[in-house]
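Following my numbering, the numbering of the sequence shown begins with 45 at its first residue and continues without gaps. Heads up, the beta-carbon is just placed ideally off N, CA and C, and yes, glycines get one too. For clarity, every value in this text was computed on a predicted model and none was experimentally measured. Structure first, then comments.
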Amino acid sequence: MEEFVRVAKTEDISPGEMLATEFDGDAVLIINVSGEFYAISESCTHSYCPLTDGLLEGNVIECRCHGAKFDVYNGEVLSPPADEPLKSYRIRLDGNDIFIASPA
45 MEEFVRVAKT
55 EDISPGEMLA
65 TEFDGDAVLI
75 INVSGEFYAI
85 SESCTHSYCP
95 LTDGLLEGNV
105 IECRCHGAKF
115 DVYNGEVLSP
125 PADEPLKSYR
135 IRLDGNDIFI
145 ASPA
């Protein structure tokens with residue numbers, strides 16, 4: 045049985061903002077894109093810089109260290125130097141609570 049864990053409340057993350065949290069020993073970034081929530085790895089796969097410091101524009105996050113870009117919807121690499129996708133976590137809302145589970 046999959047286990048979803050409560051990590052935040054919707055009011056903690058305004059549209060266009062991010063919140064770093066921890067899940068199952070991993071740093072995870074919860075992102076609000078126009079009222080929809082997504083969860084991805086918090087570290088860039090190129091040089092492991094924290095994406096919390098990254099630039100979020102719509103559904104694209106850019107790592108401030110070397111400019112790699114990722115799609116927050118699924119963690120896919122959009123621009124090098126990164127060549128490995130980010131983990132994308134399953135997310136569920138229950139009222140104002142945000143829950144995540146391990147990638148499928």
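C-beta atoms of residue i and residue j nearer than 9 Å
i	j	result
Ile142	Ala52	yes
Asp70	Glu86	yes
Where residue i falls, given that 16 or more other Cβ within 10 Å makes a residue buried
i	result
Ser132	buried
Leu99	exposed
Leu130	buried
Contact set for residue i: own chain, Cβ-Cβ below 7 Å, skip 5 residues either direction
i	result
Asp115	Asn103, Val104 and Leu122
Pro125	His90, His110 and Ala112
Pro94	Glu86 and Ser87
Tyr82	Ile75, Val116, Tyr117 and Ile135
Asp127	Val121
Cβ-heavy atom distance, residue i to the ligand PLP, below 8 Å
i	result
Arg134	Looking at this structure, you won't find the ligand PLP or any other ligand, since it has none at all.
Same chain, Cβ closer than 8 Å to residue i, five either side skipped, listed in chain order
i	result
Thr96	Met62, Ala64, Leu73 and Glu86
Asn140	Lys53, Thr54 and Glu55
Pro59	Asn76, Val77, Ser78 and Gly79
Leu137	Thr54, Phe81 and Phe143
Residue interval of the beta strand (DSSP E) (run including residue i)
i	result
Asp141	Asp141 to Ala145
Nonlocal neighbours in the same chain, by C-beta distance under 6 Å from residue i, ignoring five residues either side
i	result
Glu106	Gly98, Leu99 and Lys113
**Message:** Suppose only complete runs of 3+ residues qualify. What are the beta strand (DSSP E) ranges in the segment 86 to 133, listed by chain order?
**Reply:** 99 to 101, 104 to 106, 113 to 115 and 121 to 123
**Asked** Residue ranges of each beta strand (DSSP E) run of no fewer than 3 residues wholly in the segment 49 to 92, ordered along the chain?
**Response** 49 to 53, 62 to 67, 70 to 77 and 80 to 85
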